[in-house]
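Novice: Sharing a structure here in structure tokens format.
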Amino acid sequence: LTSILQDAQANGWIDHTPHFTTVIKYFNQPEITNFLLTLIEETSKELALIEKSFSIDATGFTSTMYKSWSGIRYEEPGRKRQFKKVHIMIGNKTQIITAIKVTHGHAADTKQFPNLLKSTANNFRVQKVCADKAYLSIKNYELSSKEGAIPYIPFKEISTRKHGKPRIWKTMYREFKEYPEHYNKAYHERSQVESTFSSIKRKFGERLFTRNNKAQENEILAKALAHNICTVAKIL
Numbered sequence: 128l129t130s131i132l133q134d135a136q137a138n139g140w141i142d143h144t145p146h147f148t149t150v151i152k153y154f155n156q157p158e159i160t161n162f163l164l165t166l167i168e169e170t171s172k173e174l175a176l177i178e179k180s181f182s183i184d185a186t187g188f189t190s191t192m193y194k195s196w197s198g199i200r201y202e203e204p205g206r207k208r209q210f211k212k213v214h215i216m217i218g219n220k221t222q223i224i225t226a227i228k229v230t231h232g233h234a235a236d237t238k239q240f241p242n243l244l245k246s247t248a249n250n251f252r253v254q255k256v257c258a259d260k261a262y263l264s265i266k267n268y269e270l271s272s273k274e275g276a277i278p279y280i281p282f283k284e285i286s287t288r289k290h291g292k293p294r295i296w297k298t299m300y301r302e303f304k305e306y307p308e309h310y311n312k313a314y315h316e317r318s319q320v321e322s323t324f325s326s327i328k329r330k331f332g333e334r335l336f337t338r339n340n341k342a343q344e345n346e347i348l349a350k351a352l353a354h355n356i357c358t359v360a361k362i363l
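Each residue of the sequence shown is one higher than the one before, starting from 128 at the first, in this note's numbering.
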């Protein structure tokens with residue numbers, strides 16, 4: 128962090144290099160969270176006329192902290208690095224983050240789908256949504272259809288078109304089974320969200336310097352905001 132601040136001063140972006148703990152202390156403030164979320168949303172709006180296709184996924188950011196755990200195989204005590212999970216929706220053309228949620232490391236991915244989609248739909252015309260099998264559910268299909276989006280969420284082997292399934296489920300299941308080449312080409316756009324995570328971790332780091340939950344959430348949101356600022360600057 129110190130080297131990043133020193134580079135910022137060298138480039139004339141800041142007047143002097145603050146002590147790294149000064150920045151970390153700000154992350155402890157709860158009011159920072161909504162401020163960062165608002166800035167992420169506002170920066171994404173700059174590309175509202177460009178993005179129509181979106182992808183959802185989640186990844187983890189590791190902490191410097193450890194917690195005790197029991198070895199699953201041998202039931203021996205050990206140490207496991209704590210991590211936070213970040214769930215995002217991005218535009219597939221530019222990789223702009225349109226919605227984000229930070230949770231504990233083991234939160235279910237599919238439960239974040241509705242809010243991420245709704246938040247994005249408030250600012251964008253969502254025509255297509257891509258997500259992996261972890262997000263497969265009738266509810267998520269119906270929510271996508273309600274927002275006017277075509278959901279490309281691959282079906283599992285046990286999935287069927289049986290009576291009682293909603294129309295959007297049956298329509299996409301047919302495409303999945305009968306036109307796999309077309310389906311897979313459309314679904315492949317999901318790789319953009321993986322590239323987004325890779326870019327963020329490469330530029331801003333996968334490791335979290337803060338220790339408590341609120342500070343770690345804000346640190347991750349700051350990384351996401353920095354990504355959006357860089358994305359908008361590059362596009363515009």
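Ideal Cβ placement from N, Cα and C applies to all residues, glycine included.
In or out: residue 154 buried (at least 16 other Cβ within 10 Å) or exposed?
Specialist: Counted from its first residue, the sequence shown places residue 154 at position 27. The residue is buried, with at least 16 neighbouring Cβ atoms inside 10 Å.
Novice: Quick one: what does DSSP say residue 150 is sitting in, helix, strand or coil?
Specialist: Locating residue 150 in the sequence shown gives position 23, where the first residue counts as 1. Reduced to three states, the DSSP call for residue 150 is helix.
Novice: Taking 8 Å as the cut-off, does the region 309 to 318 touch the region 283 to 297 (at least 3 CB pairs, one atom from each stretch)?
Specialist: Short answer: they don't touch.
Novice: Under a three-way DSSP split, which group does residue 293 fall into?
Specialist: For the purposes of this step, residue 293 is taken as the residue at position 166 of the sequence shown. The answer is coil: DSSP assigns residue 293 none of H, G, I, E or B.
Novice: What does a CB cutoff of less than 8 Å around residue 262 pick up in its chain, not counting 5 residues either side in sequence?
Specialist: Start at 1 with the first residue of the sequence shown, and residue 262 comes out as number 135. 183, 236, 237, 240 and 280, listed in sequence order.
Novice: How big is the Cα-Cα spacing for residue 347 and residue 217?
Specialist: Within the sequence shown, numbered from 1, the residue matching residue 347 stands at position 220. Within the sequence shown, numbered from 1, the residue matching residue 217 stands at position 90. Distance between the alpha carbons of residue 347 and residue 217 is about 16 Å.
Novice: Could you compute how far the alpha carbon of residue 360 sits from the alpha carbon of residue 223?
Specialist: Your numbering for residue 360 matches position 233 in the sequence shown. Your numbering for residue 223 matches position 96 in the sequence shown. Spanning the two alpha carbons is a distance of roughly 11 Å.
Novice: Buried or exposed for residue 136, going by 16 or more other Cβ atoms inside 10 Å?
Specialist: Counted from its first residue, the sequence shown places residue 136 at position 9. The residue in question, residue 136, is exposed, as its Cβ has fewer than 16 Cβ neighbours within 10 Å.
Novice: By the three-class DSSP mapping on this structure, what secondary structure does residue 228 have?
Specialist: As a first step, residue 228 must be located in the sequence shown, where it is residue number 101. Strand.
Novice: So what does DSSP say about residue 317, is it helix, strand or coil?
Specialist: Within the sequence shown, numbered from 1, the residue matching residue 317 stands at position 190. Residue 317 falls in the helix class under three-state DSSP.
Novice: Going straight from the alpha carbon of residue 202 to that of residue 187, what length do you get?
Specialist: Working through the sequence shown from its first residue, we reach residue 202 at position 75. Working through the sequence shown from its first residue, we reach residue 187 at position 60. In this predicted model, residue 202 has a pLDDT of only 47, less than 50, meaning its place in the structure is not dependable; the value taken from the coordinates is given anyway. Distance between the alpha carbons of residue 202 and residue 187: 25 Å.
Novice: Since I believe residue 355 is in contact with residue 170 (beta carbons under 8 Å), could you give me their beta-carbon distance rounded to a whole number of angstroms?
Specialist: Here residue 170 refers to the residue found at position 43 of the sequence shown. Here residue 355 refers to the residue found at position 228 of the sequence shown. The pair is a contact, with the Cβ atoms about 4 Å apart (cut-off 8 Å).
Novice: Enumerate in chain order the residues of its own chain whose CB-to-CB distance from residue 228 is below 7 Å, with the five nearest sequence positions on each side excluded.
Specialist: The residue you call residue 228 lines up with position 101 of the sequence shown. Spatial neighbours of residue 228 in its own chain (CB-CB distance under 7 Å, excluding positions within 5 residues in sequence) are listed in chain order as 214, 239, 242 and 243.
Novice: Short of 6 Å in beta carbon distance, which residues of its chain neighbour residue 324, apart from the five on each side in sequence? Order them along the chain.
Specialist: Counted from its first residue, the sequence shown places residue 324 at position 197. Answer for residue 324: 186, listed in chain order.
Novice: Where does the unbroken beta strand (DSSP E) through residue 220 begin, and where does it stop?
Specialist: Here residue 220 corresponds to residue number 93 of the sequence shown, with the count starting at 1. Segment: none, residue 220 is in no beta strand (DSSP E) and carries neither H nor E.
Novice: With respect to the beta strand (DSSP E) encompassing residue 277, which residues constitute its N-terminal and C-terminal limits?
Specialist: Translated into positions along the sequence shown, residue 277 becomes position 150. Element bounds for residue 277: 277 to 279.
Novice: Out of 357, 144, 152 and 176, point me to the one whose CA is closest to residue 248's CA.
Specialist: Taking the first residue of the sequence shown as position 1, residue 248 is located at position 121. For residue 248, the nearest C-alpha among the options comes from 176.
Novice: In this structure, does DSSP put residue 283 in helix, strand or coil?
Specialist: If you number the sequence shown from 1, residue 283 lands on position 156. Correct three-state label for residue 283: coil.
Novice: Hey, could you find the ends of the alpha helix (DSSP H) residue 253 is sitting in?
Specialist: By one-based count along the sequence shown, residue 253 stands at place 126. No alpha helix (DSSP H) holds residue 253; DSSP gives it neither H nor E.
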